[in-house]
Amino acid sequence: MTESTIPDVVSRETARLALLMAQGIEHRRPAANKAGVLESIRMMGQLQIDTIHVVARSPYFVLWTRLGNYDPAWLDELLAEQQIFEAWSHEACFLPIEDFPFAAARMKHPISFRKRIFEYLETNRETADRLLAHVRENGPVRSSDFSAEPGASGGWWNWKEEKVLLEALFTEGSLMVVRRERFQRVYDIPERVLPDWNPESSATYEGMVRAHVLQSIRALGVATAGWVPDYYRFKVGQVAPILKELEEEGTILTTRIDGLKGKAYIHPDNAALVNEIVNGQYQPERTTLMMPFDPVVWDRKRGEELFDFSYLIECYTPAPKRIYGYFTLPILHRGTIVGRLDAKAHRKEKIFEIKSLHLEPWVTETELLAADLAPALLECAAWHKTPKIEIRRSAPRGFAPQLRSALRDALRALSQRTPEKELLAP
Numbered sequence: 005m006t007e008s009t010i011p012d013v014v015s016r017e018t019a020r021l022a023l024l025m026a027q028g029i030e031h032r033r034p035a036a037n038k039a040g041v042l043e044s045i046r047m048m049g050q051l052q053i054d055t056i057h058v059v060a061r062s063p064y065f066v067l068w069t070r071l072g073n074y075d076p077a078w079l080d081e082l083l084a085e086q087q088i089f090e091a092w093s094h095e096a097c098f099l100p101i102e103d104f105p106f107a108a109a110r111m112k113h114p115i116s117f118r119k120r121i122f123e124y125l126e127t128n129r130e131t132a133d134r135l136l137a138h139v140r141e142n143g144p145v146r147s148s149d150f151s152a153e154p155g156a157s158g159g160w161w162n163w164k165e166e167k168v169l170l171e172a173l174f175t176e177g178s179l180m181v182v183r184r185e186r187f188q189r190v191y192d193i194p195e196r197v198l199p200d201w202n203p204e205s206s207a208t209y210e211g212m213v214r215a216h217v218l219q220s221i222r223a224l225g226v227a228t229a230g231w232v233p234d235y236y237r238f239k240v241g242q243v244a245p246i247l248k249e250l251e252e253e254g255t256i257l258t259t260r261i262d263g264l265k266g267k268a269y270i271h272p273d274n275a276a277l278v279n280e281i282v283n284g285q286y287q288p289e290r291t292t293l294m295m296p297f298d299p300v301v302w303d304r305k306r307g308e309e310l311f312d313f314s315y316l317i318e319c320y321t322p323a324p325k326r327i328y329g330y331f332t333l334p335i336l337h338r339g340t341i342v343g344r345l346d347a348k349a350h351r352k353e354k355i356f357e358i359k360s361l362h363l364e365p366w367v368t369e370t371e372l373l374a375a376d377l378a379p380a381l382l383e384c385a386a387w388h389k390t391p392k393i394e395i396r397r398s399a400p401r402g403f404a405p406q407l408r409s410a411l412r413d414a415l416r417a418l419s420q421r422t423p424e425k426e427l428l429a430p
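Take 5 as the starting number for the sequence shown in this note's numbering and just add one per residue.
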């Protein structure tokens, strides 16, 4: 078996580990420095943005899963330095700057998830043009620079009109995010953000889709045809002919994942990796927490097919109907997702609260699981500057006391070799 050939069939365990390694979570982890933040984004292809922050906001937490104890300011600095940029991709995302020609091509095509935004712009084009002229003349703006009229609403999440228009102008590419201030977007015109950018160098729409299909396959390690479209939010009909074309060219390699229907695809860059996993050179080792917006789990169908893990974000579910909690974090343990926990970082009190922890029905509450999870929780809590961990309840009930005991053991071992000031340092 050579690097350019792969088995006809790979196990789900192989596919899971290939995904985790391609994503920089297992073995191939980038260094916990600023260059590592950029490398992580390049490995994923995109880093989804979300504002919920009962723990750290999603993009920062997704990077923590890969890097461990790093400084979140590095992500903000990369944006201000234009080494990454913001655009609509899987959703609103940070992307590496070399992908800007593809983003520019996508902005020219108002596909379904942006239809409402473009309709709003057309209805309010005169006002939008005045706002754009204001930015051109006066420089970067934030939505908070504008005062809302009493009772006024732009119609989206009760946003004021200027906020809606800034977001719409950003979506069509007339504005860019030059930096963030306390996570609030600061908008400017593209000519000032990327003065060397030539609009004529945009990719074609077809070239953009092809490039993102290839990146999806690379980022997923081993990808079925059903998983590829969701990664960059394309329609199945857009992706299917490109997959066929890439296969016929020999640009991608084909296999199957045992137990799943249809073909699976491997990027040549991952061929050696898959072979090494098949030959037993790597075994899953990490135990860590993930965000629901992590590329590993953001596709519910893939989560169910690959990990037997069904996930629904319950923050939009009325509290009495929630099963697991407001905003639960999947628990990754040695290549499988074994449960989820509902956590909240109380930063003033320096408490990392685990409101509830649920293991999957097929998972056995073992001392090994508790011993592996305890240091991961301590690392996560320390990074949040909330070193005291409080566990309220678990299902099964017996796992909570097991985990508390493992936390005490792990904390004693950690304190013997790591001063507290170093443990809490960014």
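Beta carbons are placed, not taken as given, at the ideal position from N, Cα and C, and that holds for glycine.
Could you check where the beta strand (DSSP E) with residue i kicks off and where it finishes?
i	result
residue 189	188 to 192
residue 182	180 to 185
residue 175	Run containing residue 175: none in the beta strand (DSSP E); it sits in the alpha helix (DSSP H), 165 to 176.
residue 96	96 to 100
residue 317	It is not in any beta strand (DSSP E) - residue 317 carries neither H nor E in the DSSP assignment.
residue 91	88 to 92
residue 288	Residue 288 -> no beta strand (DSSP E), and no H or E assigned at all.
residue 260	257 to 261
residue 30	Run containing residue 30: none; DSSP gives neither H nor E here.
residue 334	332 to 337
When burial is assigned at 16 or more other CB atoms within 10 Å of the CB, is residue i buried or exposed?
i	result
residue 372	exposed
residue 30	buried
residue 28	buried
residue 46	buried
residue 321	exposed
residue 49	buried
residue 219	buried
residue 388	buried
residue 119	exposed
residue 312	exposed
residue 414	buried
residue 366	exposed
residue 200	exposed
So residue i and residue j are in contact, right, with Cβ under 8 Å, and what is the actual spacing, rounded?
i	j	result
residue 396	residue 359	5 Å
residue 22	residue 274	6 Å
residue 278	residue 270	6 Å
residue 284	residue 16	Between residue 16 and residue 284 the Cβ distance is about 16 Å, and since that is not below 8 Å, they are no contact.
residue 66	residue 298	5 Å
residue 104	residue 89	6 Å
residue 406	residue 374	4 Å
Can you check which of these residues, the options, is closest to residue i by C-alpha distance?
i	options	result
residue 377	239, 344 and 180	344
residue 190	178, 172, 144 and 34	144
residue 12	383, 316, 175 and 226	226
residue 212	231, 238 and 182	238
residue 53	306, 112, 168 and 80	80
residue 300	261, 338 and 235	235
residue 417	99, 206, 379 and 202	379
residue 147	125, 167, 209 and 186	167
Leaving out five residues on either side along the sequence, give the residues of the same chain with a beta carbon under 7 Å from the beta carbon of residue i.
i	result
residue 330	58, 318, 319 and 346
Please list, in chain order, all residues of the same chain as residue i whose beta carbon is under 6 Å from its beta carbon, the five residues on each side excluded.
i	result
residue 233	240 and 243
residue 362	328, 343, 344 and 399
residue 250	256
residue 157	Low per-residue confidence applies at residue 157: pLDDT is 49, beneath 50, and the placement is therefore not dependable enough to give any value.
residue 214	246
So residue i is in the alpha helix (DSSP H); what residue range does that whole segment cover?
i	result
residue 220	209 to 224
residue 346	Run containing residue 346: none in the alpha helix (DSSP H); it sits in the beta strand (DSSP E), 340 to 350.
residue 137	129 to 142
residue 233	232 to 235
residue 16	16 to 26
residue 305	304 to 311
residue 46	38 to 48
residue 246	240 to 253
Enumerate in chain order the residues of its own chain whose CB-to-CB distance from residue i is below 8 Å, with the five nearest sequence positions on each side excluded.
i	result
residue 139	145, 179, 191, 192 and 193
residue 351	388, 389 and 390
residue 173	125, 132, 135, 136, 179 and 191
At a cut-off of 7 Å, is residue i close to the ligand HEM when judged by its beta-carbon and the heavy atoms of the ligand?
i	result
residue 267	With respect to the ligand HEM, the structure shown offers nothing to examine, as it has no ligands at all.
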